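Accompanying notes for the structure given below.
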Amino acid sequence: MKAKALARLACLAGLWAGAVTAQVATEPPPAVAQCPALPDESAQSLRWSAMRIPGMLLCRATSIENGEEAFALTFTRESPFRPRRSQRAEPGVFNGTEIYWYRGEVANNPNALIRETLIELEEDQLVHIVIEAKDSETLNRYQQLTLSLPLTPAAD
Numbered sequence: 816m817k818a819k820a821l822a823r824l825a826c827l828a829g830l831w832a833g834a835v836t837a838q839v840a841t842e843p844p845p846a847v848a849q850c851p852a853l854p855d856e857s858a859q860s861l862r863w864s865a866m867r868i869p870g871m872l873l874c875r876a877t878s879i880e881n882g883e884e885a886f887a888l889t890f891t892r893e894s895p896f897r898p899r900r901s902q903r904a905e906p907g908v909f910n911g912t913e914i915y916w917y918r919g920e921v922a923n924n925p926n927a928l929i930r931e932t933l934i935e936l937e938e939d940q941l942v943h944i945v946i947e948a949k950d951s952e953t954l955n956r957y958q959q960l961t962l963s964l965p966l967t968p969a970a971d
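So for the sequence shown, the working numbering puts the first residue at 816; every next one is plus one.
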């Protein structure tokens, strides 16, 4: 499962990279220069792995214990994720602004709880958050954690 999730994210990054190849010469760096700091209590069990391509930063939070992905943040100027009202799940709050989480699915794991959201950090600076959890308690914990991360745009 871990390998499939990694392959899925790498494929998404590859597709995204192919779509923006023509813009590489003029594409500014992603909105965020590096993965945000994890809170101390989470930093003991999670670590970041980052992948950069022109105009995008992908941050994957994985378990130190077993390497399973907890959640991923993709910082870009544009996102292929299009929230659909029919998939709306739970509300949340990021920096005082109401957001919504949207249901997703993984074909080979119908029991996984998948949630996604798209947050505008600044004009043309987005973060797409994806969480895959085994149970509702873990999902809730990762939703709260991701919305509390210091997602601040890079200084120009």
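Yeah, the Cβ is synthetic: ideal placement off N, Cα and C, and Gly gets one too.
The model shown is predicted, which means the values in this text are computed figures rather than measured ones.
Residue i: first and last residue of the uninterrupted alpha helix (DSSP H) it sits in
i    : result
T891 : Unbroken run through T891 is the beta strand (DSSP E), 884–891; no alpha helix (DSSP H).
A852 : Run containing A852: none; DSSP gives neither H nor E here.
DSSP three-state assignment for residue i, whether helix, strand or coil
i    : result
L964 : coil
S878 : strand
R899 : coil
First through last residue of the beta strand (DSSP E) which encompasses residue i
i    : result
A865 : 861–868
I946 : 940–948
F909 : 903–909
R918 : 912–919
Distance between residue j and residue i (C-alpha atoms, nearest Å)
i    : j    : result
R899 : S860 : 33 angstroms
C874 : T891 : 12 angstroms
D855 : R862 : 11 angstroms
For residue i, the nearest candidate out of the options (CA to CA)
i    : options                : result
L928 : E913, S951, E937       : S951
A948 : L966, L933, I868, R918 : R918
Q958 : E935, V921, F909, P925 : F909
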